[in-house]
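Notes to accompany the following structure.
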Amino acid sequence: MREFELEPGEHVVKEARKHWFLFLGELLPFAILAILPFALPKLLILAPPMTPYAALFDYHTVLSRAVLGVWLLVWWTSAWGAFTRYFLNAWVLTNQRIATIKQRRFFVREVSSLLLTRVQDVTTNVSGIVPSLLGIGDIKVQSAGADVEFTMRGIPRPEQMRDLILKYVSAEPAQ
Amino acid sequence: MPDQPLQPFSPPTTLFTQLHLPSALSAGVLVTWALYAVFAFWAIYTLVAVYHWLKYSHASWIAFPAIAAHLFISVALMSYALSGQAFFLSPYLPV
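Here it is, written out as structure tokens:
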């Protein structure tokens with residue numbers, strides 16, 4: 058781990074990221090924008106007053122192909138950037154602590170840890186039909202410090218994560 | 015408000031015919047340089063993202079396929095923008 062050094066005897070138990078379904082939701086705007094140049098001419102033909110505008114979307118000229126290529130390149134690169142940020146945001150549970158790694162944007166990275174000996178309460182929250190069906194939820198970890206609270210949002214199988222945290226909290230001797 | 019009826023729309027035949035460009039600059043040269051500017055921006059963005067992948071992905075096996083997929087698809091799209099050839103993406107794009 059480059060973000061933090063593992064202590065002697067410390068090992069990573071689980072690494073979690075936001076649920077893939079939420080990530081797909083983030084990709085949706087990019088997908089819609091990418092298919093817009095192909096869908097728009099077909100939609101314009103359906104609306105008779107707008108039909109002449111469909112001729113603007115002729116991709117057989119050099120210029121229009123260049124514009125289409127750049128358009129697709131922009132949205133592909135943006136989607137890939139979103140995937141990069143998705144992958145670099147993670148929650149790491151070790152046998153001694155919980156660490157959250159937040160990659161807010163490029164060159165803006167925040168890593169914070171909470172020792173398991175300080176954990177007092179772990180709450181899971183799954184609300185809604187889709188989150189219930191797909192097992193997406195939040196976990197709130199409260200520590201002995203009055204205002205220290207860790208929240209993991211949109212993680213897969215939060216109950217499993219809570220049980221793992223509690224297992225290692227009870228295994229860790231209080232200091 | 016003008017009282018004349020609306021004229022039916024006619025799409026422009028070419029974009030650059032009405033532009034008066036200096037003799038040294040042709041429309042093709044302008045488009046090519048605009049594309050190079052976009053590709054330069056893409057290259058900087060990609061370098062930054064790859065740097066983050068390599069530094070922070072904890073040597074994950076996903077890092078290299080993700081970078082390779084990005085490079086392959088981007089190069090295909092750039093080639094399409096420049097020449098109309100999109101390699102493996104050609105069947106999916108108008109030529």
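Order-wise, the sequence lines are chains A and B.
Going by this note's numbering, the first sequence opens with residue 58, and the numbers climb by one from there.
Going by this note's numbering, the second sequence opens with residue 15, and the numbers climb by one from there.
We put the beta carbon where it would ideally sit given N, CA and C, even for glycine.
Exercise. Name the DSSP beta bridge partners of GLU167/A, please?
Worked result: LYS159/A
Exercise. At which residues does the beta strand (DSSP E) containing PRO321/A begin and terminate?
Worked result: No information on residue 321/A is available, as it lies outside the stretch 58 to 232 that chain A covers here.
Exercise. CB-CB under 8 Å to VAL168/A, same chain, minus the five flanking residues each way: which ones, in chain order?
Worked result: GLU60, PHE61, ALA156, THR157, ILE158, LYS159
Exercise. So with Cβ pairs under 8 Å, would you call ALA95/B a contact of chain A?
Worked result: yes
For this session: Could you tell me whether the Cβ of PHE104/B comes closer than 8 Å to any Cβ of chain A?
Result: Looking at the sequence provided, one finds Ser at residue 104/B rather than Phe. Not one chain A Cβ lies under 8 Å of SER104/B.
Problem set entry | Sequence-distant residues of its chain with Cβ nearer than 6 Å to LEU125/A (five each side left out) | PRO94, TYR116
For this session: Count the other C-beta atoms from every protein chain shown that fall within 10 angstroms of the C-beta of ARG162/A, then say buried if there are 16 or more, exposed otherwise.
Result: exposed
Exercise. From this set, ILE212/A, PHE207/A, LEU81/A, VAL119/A, which residue's C-alpha is nearest SER170/A's C-alpha?
Worked result: PHE207/A
Problem set entry | Below-8 Å beta-carbon distance, LEU97/A vs any chain B residue | no
For this session: Note down, in chain order, every chain A residue with its Cβ under 7 Å from the Cβ of VAL62/B.
Result: PHE163
Exercise. Using the C-alpha atoms, what's the distance from ALA100/B back to ALA104/A?
Worked result: 32 Å
Problem set entry | Cα-Cα separation, TYR70/B to SER104/B | 34 Å
Exercise. So which residues on chain B does HIS68/A lean against when the C-beta distance must stay under 9 Å?
Worked result: Within chain B, no residue comes near HIS68/A; the closest Cβ sits about 14 Å away, beyond 9 Å.
Problem set entry | Contacts that THR141/A makes with chain B (C-beta to C-beta distance below 7 Å) | ALA63, HIS66, TRP67
Exercise. Under a CB-based cut-off of 8 Å, is ILE87/B close to chain A?
Worked result: yes
Exercise. Is it a yes or a no for the region 127-136 of chain A touching the region 86-95 of chain B, going by three-plus beta-carbon pairs under 8 Å?
Worked result: yes
Exercise. Can you pull the DSSP bridge partners for GLN199/A?
Worked result: ASP178/A, GLU206/A
Problem set entry | ARG154/A (DSSP reduced to helix, strand or coil) | strand
Problem set entry | C-beta atoms of PHE87/A and SER135/A nearer than 8 Å | yes
For this session: Quick one: grab the DSSP three-state call for ALA51/B.
Result: helix
Problem set entry | 7 Å CB neighbourhood of TRP56/B in its chain, flanking five on each side removed | SER88
Problem set entry | Inter-residue Cα distance where the pair is LEU234/A and ARG154/A | Any answer about residue 234/A is impossible in this case: the structure gives chain A only from 58 up to 232.
For this session: Would you mind giving the Cβ-Cβ distance between ARG210/A and ASP195/A, rounded to the nearest angstrom? I have them listed as a contact below 8 Å.
Result: 5 Å
Exercise. TRP75/B: buried (16+ other C-beta within 10 angstroms of its C-beta) or exposed?
Worked result: exposed
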